[in-house]
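There are 2 protein chains.
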Amino acid sequence: MNFCSNCGSSHLVFDVPEGDTRPRDICRDCGKIHYSNPRIITGCLPLWEGKMLLCKRAIEPRCGYWNVPGGFLENGETAEAGAAREVREEALAGVEIIGVHAIFSLPNFNQVYIHFLGKLKNGEFGVGEESSDARLFLESEIPWPEIAFQSSTFTLRHYFDDREKGIRQVHLGSL
Amino acid sequence: MNFCSNCGSSHLVFDVPEGDTRPRDICRDCGKIHYSNPRIITGCLPLWEGKMLLCKRAIEPRCGYWNVPGGFLENGETAEAGAAREVREEALAGVEIIGVHAIFSLPNFNQVYIHFLGKLKNGEFGVGEESSDARLFLESEIPWPEIAFQSSTFTLRHYFDDREKGIRQVHLGSL
């Protein structure tokens, strides 16, 4: 932040506001305190007849790698609606949200992933604009070294573990 | 947003960037796209010997009402560390996080609550700076009309339901 988004002043200091415990960007002219907080990446692992749908990323970062469909939660959305939207955008597919599966924090990147499990509607899907491919994988077919992010590896591994044990639970992880 | 926080220009338009699907604040001078996304409110319901710890808010909004300890997740934190910090700040208490309990979205306020269950360490607590009181409640003692937010009511009701059924699950809700 170089200028105050409220008054346009360049007199910003990074200091602890009165009554606060952490430094923030504060405008010396209008007094506005500018907060910065982690963002949510919401996603969904779509399931269909024992397989799961992954998308190959057509955009950076990790272009060309396979991923659980997901992206930044937008204003005005619930976490689950955002996850379903991402599946629609990246895999041109509808999902019925089953429930939360994982919360994975990346404190160094100020991001928190919320991953849901979903049921693919009618098993139909395509390749969205931000994807170069989309495919249903059996567990034995998952291209582990080509998974885009550790959040996705975490979600997939725990999904297979749970399925083998016949349980459903929510997994908490961080990097 | 009145001024570009990157270059200080007032030539901002609210328009859909190329390749995007939603309008954003875009600077006509430096081209910077300013994204705005929902914030996470992370919290924890501390449990101790069949009771649960609530804090009476000493700050607005909902000053004087009882609440599940919680607040905005900060940069650099995991969701669970943020929840434990909020309990420390609001109730001067340590908790051992048991697991996720509820994800409650407020799309009209661009907020997502993540509520954990936690075990109060040694049953000890106090009254933090942002609280005017803190108390362990039995289910029969919960002051339902004086609960600060619907996210907290949601978390408490589902906790009691689950406890009666002897199960633990994660609840998804929105308002």
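In order, the protein sequence lines correspond to chains A and B.
Numbering-wise, my numbering puts 126 at position 126 of the first sequence, and it's gapless, one number per residue.
Numbering-wise, my numbering puts 333 at position 158 of the second sequence, and it's gapless, one number per residue.
Here a beta-carbon is modelled for each residue, glycine too, at the ideal position from N, C-alpha and C.
Computed from a predicted model, the values in this text were never measured in an experiment.
Next on the checklist: Distance check for W66 (chain A) and L295 (chain B), CA to CA, integer angstroms please.
Outcome noted: 41 Å
Checklist entry - Which value, in whole angstroms, describes the spacing of the CA atoms of A81 (chain A) and T42 (chain A)? => result 9 Å
Checklist entry - Of the residues A:H158, A:L172, A:F149, which one's Cα is nearest the Cα of G234 (chain A)? => result Outside the displayed range of chain A (1 to 175) lies residue 234 (chain A), so it cannot be described from this structure.
Next on the checklist: Suppose the cutoff is 7 Å on Cβ atoms and the five residues either side in sequence are ignored; what does the same chain contact list for P38 (chain A) look like?
Outcome noted: N110, Q111, V112
Item to check | Coarse secondary structure for E129 (chain A), derived from DSSP in three states | outcome: coil
Checklist entry - Name the DSSP beta bridge partners of N242 (chain B), please? => result According to DSSP, N242 (chain B) bridges with B:C230.
Next on the checklist: Considering only their Cβ atoms, is the gap separating C44 (chain A) from A83 (chain A) smaller than 8 Å?
Outcome noted: It is a contact, given that the beta carbons lie within the stated cut-off.
Checklist entry - At which residues does the beta strand (DSSP E) containing T217 (chain B) begin and terminate? => result 214 to 223
Item to check | Backbone CA spacing between G225 (chain B) and L313 (chain B) [nearest angstrom] | outcome: 7 Å
Item to check | Cα-Cα separation between I273 (chain B) and L172 (chain A), rounded to whole angstroms | outcome: 10 Å
Item to check | Presumed contact (8 Å Cβ cut-off) between A406 (chain B) and P244 (chain B), rounded CB distance | outcome: For residue 406 (chain B) there is no data in the structure shown, the boundaries of chain B being 176 and 350.
Checklist entry - So, is R338 (chain B) buried or exposed, given that buried needs 16 or more other C-beta atoms within 10 angstroms? => result exposed
Next on the checklist: Using only the alpha-carbon positions, how far apart do S152 (chain A) and G76 (chain A) sit?
Outcome noted: 25 Å
Item to check | C-alpha distance - E74 (chain A) paired with R88 (chain A), whole-angstrom precision | outcome: Inter-residue distance for E74 (chain A) and R88 (chain A) is about 15 Å (C-alpha atoms, whole angstroms).
Next on the checklist: If the cut-off is 7 Å on Cβ atoms, which residues from the segment 248 to 261 of chain B count as contacting chain A, listed in chain order?
Outcome noted: L248, E249, N250, G251, E252, T253, A254, E255
Item to check | E271 (chain B) - DSSP class collapsed to helix/strand/coil | outcome: strand
Checklist entry - Do the CB positions of N181 (chain B) and K207 (chain B) come within less than 8 Å of each other? => result In contact: N181 (chain B) and K207 (chain B) (Cβ atoms closer than 8 Å).
Next on the checklist: Under 8 Å, Cβ to Cβ, is there at least one residue of chain A near P282 (chain B)?
Outcome noted: yes
Next on the checklist: With H, G and I counted as helix, E and B as strand and the rest as coil, what does DSSP make of H346 (chain B)?
Outcome noted: strand
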